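Down below is the structure, laid out as structure tokens.
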Amino acid sequence: MFAAAVVTNAVAVYLFHDVDADMIGKWNIAFLGLTLEFFIFGLVLTVSFFLLTWIGTIAFGLRQVALNLKLGLVLGIAVMLVQYPAEFTVRKLSTEHSADSFLLGYILLSPICCAAIILLSARKSHAALAQRGSLVNGAPIDHLRGDL
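See the structure below:
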């Protein structure tokens with residue numbers, strides 16, 4: 071996710087020169103500030119995502135099901151890559167207040183959507199395991215064999 075943010079920041083600062091008026095000509099400082107902002111943004115999203123996923127696994131009884139880590143990585147990168155172009159477009163089409171509202175909504179909705187996608191994937195794999203008879207009392211059979 072951080073690599074995706076670095077690439078997005080480089081395009082924003084060095085190619086589009088999308089910086090505050092006082093940062094024009096101070097490209098490296100602007101890049102550092104934007105990278106720090108993305109790091110904090112990513113940290114907030116990650117913590118929110120893990121908390122929501124943990125609550126969801128408990129609520130839906132999916133504790134014994136392994137989550138799809140590749141899907142989580144793809145979703146994390148997608149959230150970082152979509153954020154800047156969407157925010158840039160909203161800023162160009164509307165007022166400053168609307169851009170701040172969009173960013174707040176994005177920060178709130180993206181971890182919820184990502185957690186829902188991960189939980190749906192886990193629930194489908196849980197249902198597939200149960201249908202094949204690979205689960206005993208909600209736990210994978212392989213997990214139970216180690217207890218014998």
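The numbering of the sequence shown is the numbering used here, which starts it at 71 and goes up by one.
Idealized CB from N, CA, C, for every residue including glycine.
Since this is a predicted model, take the numbers as computed values, not measurements.
Unbroken alpha helix (DSSP H) run spanning Ala-136, endpoints: Premise fails: Ala-136 is in no alpha helix (DSSP H) and is neither H nor E.
Residue burial classification, Phe-111 (beta-carbon count within 10 angstroms, cutoff 16): By the neighbour-count definition (other C-beta atoms within 10 Å, threshold 16), Phe-111 is a buried residue.
Collapsed DSSP secondary structure at Val-144 in the structure displayed: When secondary structure is reduced to three states using DSSP, Val-144 falls in the helix class.
Closest by C-alpha distance to Tyr-176, when choosing among Asp-92, Ser-191, Gly-131, Ser-118: In this structure, Ser-118 is the residue among Asp-92, Ser-191, Gly-131, Ser-118 with its C-alpha nearest to the C-alpha of Tyr-176.
Buried versus exposed, by CB contacts within 10 Å (16 or more), Gly-142: Burial call: buried.
7 Å CB neighbourhood of Ile-182 in its chain, flanking five on each side removed: Here the set comprises Leu-122.
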